[in-house]
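When you line the sequence shown up against UniProt numbering, it's residues 1 to 406, in that order.
Just so you know, even glycine gets a beta-carbon here, dropped at the ideal spot from N, CA and C.
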Amino acid sequence: MIQAAPNNEFWGYERESGGAGVRNKVLILPMDRFSNQIAWAVENVVAGVARFITPGDMGKHSKDRDRLFRVVAGLACNPNVHSVLLIGVRADFNYPETRLARVVEFLEQRGKRFEVVMASEHGGMGQATLTAQKIARKMVREAALQRRVPVPLSNLTIGIKCGISDGTSGIAGNPALGAAMDCLVDAGGTVIFSETTEIIGAEAILAERAVDDETRRRILDMVARTEAQARSVGEDIRSINPIPSNIRAGISTLEEKSLGAIAKGGTSTLQGALEYATQPRGNGLHFMDGWMAAHTLIPGLAAAGAQITVFQSGGGDMPFDPPVPAVNPGVVAPTFFMSGNPNLAEKLEIGLDFNSSAVLTGERTLPEIGAEILHALIETASGRLTWGETTNFKDATEVWFDGPFF
Numbered sequence: 001m002i003q004a005a006p007n008n009e010f011w012g013y014e015r016e017s018g019g020a021g022v023r024n025k026v027l028i029l030p031m032d033r034f035s036n037q038i039a040w041a042v043e044n045v046v047a048g049v050a051r052f053i054t055p056g057d058m059g060k061h062s063k064d065r066d067r068l069f070r071v072v073a074g075l076a077c078n079p080n081v082h083s084v085l086l087i088g089v090r091a092d093f094n095y096p097e098t099r100l101a102r103v104v105e106f107l108e109q110r111g112k113r114f115e116v117v118m119a120s121e122h123g124g125m126g127q128a129t130l131t132a133q134k135i136a137r138k139m140v141r142e143a144a145l146q147r148r149v150p151v152p153l154s155n156l157t158i159g160i161k162c163g164i165s166d167g168t169s170g171i172a173g174n175p176a177l178g179a180a181m182d183c184l185v186d187a188g189g190t191v192i193f194s195e196t197t198e199i200i201g202a203e204a205i206l207a208e209r210a211v212d213d214e215t216r217r218r219i220l221d222m223v224a225r226t227e228a229q230a231r232s233v234g235e236d237i238r239s240i241n242p243i244p245s246n247i248r249a250g251i252s253t254l255e256e257k258s259l260g261a262i263a264k265g266g267t268s269t270l271q272g273a274l275e276y277a278t279q280p281r282g283n284g285l286h287f288m289d290g291w292m293a294a295h296t297l298i299p300g301l302a303a304a305g306a307q308i309t310v311f312q313s314g315g316g317d318m319p320f321d322p323p324v325p326a327v328n329p330g331v332v333a334p335t336f337f338m339s340g341n342p343n344l345a346e347k348l349e350i351g352l353d354f355n356s357s358a359v360l361t362g363e364r365t366l367p368e369i370g371a372e373i374l375h376a377l378i379e380t381a382s383g384r385l386t387w388g389e390t391t392n393f394k395d396a397t398e399v400w401f402d403g404p405f406f
């Protein structure tokens with residue numbers, strides 16, 4: 001049992017660089033695809049590290065290379081990261097947007113503890129691997145000395161995503177999560193939700209909640225851009241969404257799905273509309289541009305600063321024990337899995353971190369269940385493992401690129 005922190009606080013790791021972590025990771029961060037094998041070798045030898053696998057910057061245009069930089073630098077500066085080990089072939093190997101010097105400057109400006117291992121300076125890949133393992137072992141021992149202390153909820157950023165949507169999503173699951181997020185925002189915390197395709201049909205409602213005209217314009221522009229991208233390849237999002245499994249599970253229209261999706265963000269004023277993997281400049285509720293895939297979206301939320309991401313699942317029309325769609329794709333940030341579907345909760349004995357179906361059965365009101373969800377998230381922030389964290393499974397993570405590729 002985790003000892004309760006004082007009101008509106010959680011037990012976190014205070015960072016000299018700012019903020020507080022809910023985990024205490026040493027991040028192994030390769031700068032290029034050739035260095036992924038060194039990062040893999042470090043993770044397989046050294047306990048207590050997290051590893052990112054980079055897709056590299058080859059064949060990508062400058063905007064996508066800059067997007068990769070935001071993911072790499074954002075993950076490194078996530079408050080859950082105690083320190084970072086940067087690994088590369090040589091310092092000038094990459095394009096300017098993702099070059100080591102730019103990442104180093106970014107970390108130095110934010111006071112993040114880091115070390116660098118370049119194969120070119122260690123006689124090749126083999127010796128660089130041994131050096132990286134040695135440095136990583138020292139870093140995890142250093143990280144282990146840090147202790148949790150009570151920190152305000154204003155230091156907590158939660159990313160939220162929904163998926164496998166069904167009829168319970170818009171009635172119980174997403175509104176319950178939204179009630180919890182309202183409580184967090186009221187306590188000074190930060191919430192980031194995403195999936196631009198999931199707000200189409202409800203974008204005008206969301207835009208009306210924007211704090212200013214610029215945020216309102218950005219939300220509408222993101223939707224227009226997404227629809228234009230779909231049309232450029234002969235698709236119309238408004239006709240292909242909801243997808244067949246959503247329809248079989250009880251969702252009838254795009255508007256119904258989108259209204260349910262935006263409910264997970266609660267009712268707070270929308271403070272910002274962020275590009276993918278971009279950190280908000282203030283607390284409160286923010287929207288981040290992104291597509292639906294968990295293995296792309298959740299790393300983007302972690303790069304934006306989310307210490308935990310909540311995946312709110314409907315359960316769909318699966319007649320069996322449903323798979324968990326995302327175990328730990330946040331690299332340095334755990335995924336908290338919840339649902340408002342009582343059938344899923346019954347089938348998924350191990351894997352569900354919170355069951356909000358009591359709203360559906362009338363046993364709890366939305367404010368009551370929202371408070372319970374926030375309490376469970378505070379426990380997770382204070383050290384309780386999510387079900388996903390109890391496994392050694394590593395999700396394949398992806399970066400959301402616009403393309404085209406060359």
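Given that a residue counts as buried once 16 or more other Cβ atoms are within 10 Å of its Cβ, and exposed if not, what is V149?
exposed
Do you know how far the Cα of G370 is from the Cα of L177?
6 Å
How long is the line joining the alpha carbons of V180 and A381, rounded to whole angstroms?
Sequence inspection shows Ala at residue 180; the Val mentioned does not correspond to that position. Their Cα atoms are separated by approximately 14 Å.
So, F311 versus K161, is the Cβ gap smaller than 8 Å?
yes
Whole alpha helix (DSSP H) runs in the region 161 to 223 with 4 or more residues, listed along the chain?
174 to 186 and 203 to 208
If we call anything under 8 Å between Cβ atoms a contact, is M292 one with T197?
yes
Could you compute how far the alpha carbon of A228 sits from the alpha carbon of P329?
28 Å
Evaluate G111 with the Cβ neighbour count: other Cβ atoms within 10 Å of its Cβ, from every protein chain shown; 16 or more gives buried, anything less gives exposed.
exposed
Looking only at C-alpha atoms, which of A273, D212 and G21 sits nearest to D221?
A273
Selection from T54, A136 and P280 that minimises the alpha carbon distance to E43:
A136
Express the C-alpha separation of A202 and A143 in angstroms, rounding to a whole number.
44 Å
With a Cβ-Cβ cutoff of 8 Å, do V399 and V89 count as a contact?
no
Of the residues L156, T129 and H295, the one placed nearest N8, counting alpha carbons only:
L156
Have a look at the DSSP bridge pairing and note the partners of T157.
T190
I'd like to know if R217 contacts chain D, where contact means its C-beta is closer than 8 Å to some C-beta of that chain.
Protein chain content of the structure displayed is limited to a single chain, and chain D is not contained in it.
Assign A396 to one of three DSSP states: helix, strand, or coil.
coil
Indicate whether H295 and I192 have their beta-carbon atoms separated by less than 8 Å.
no
At which residues does the alpha helix (DSSP H) containing S357 begin and terminate?
S357 -> no alpha helix (DSSP H), and no H or E assigned at all.
Taking the straight line between their C-alpha atoms, what separation do you get for D182 and S169?
18 Å
Taking all protein chains shown into account, decide if D212 is buried (16 or more other Cβ within 10 angstroms of its Cβ) or exposed.
exposed
I'd like to confirm the pairing. Which residues does DSSP put opposite T278 in its beta bridges?
Answer is none; T278 lacks a bridge partner.
Could you have a look at M292 and say whether DSSP puts it in helix, strand or coil?
coil
To the nearest angstrom, how far is the alpha carbon of A261 from that of M125?
47 Å
For a quick check, are the C-beta atoms of T391 and V332 less than 8 Å apart?
no
A358 beta carbon less than 8 Å from that of L352:
no
Should I237 and I199 be called a contact, given that it needs their Cβ atoms to be closer than 8 Å?
no
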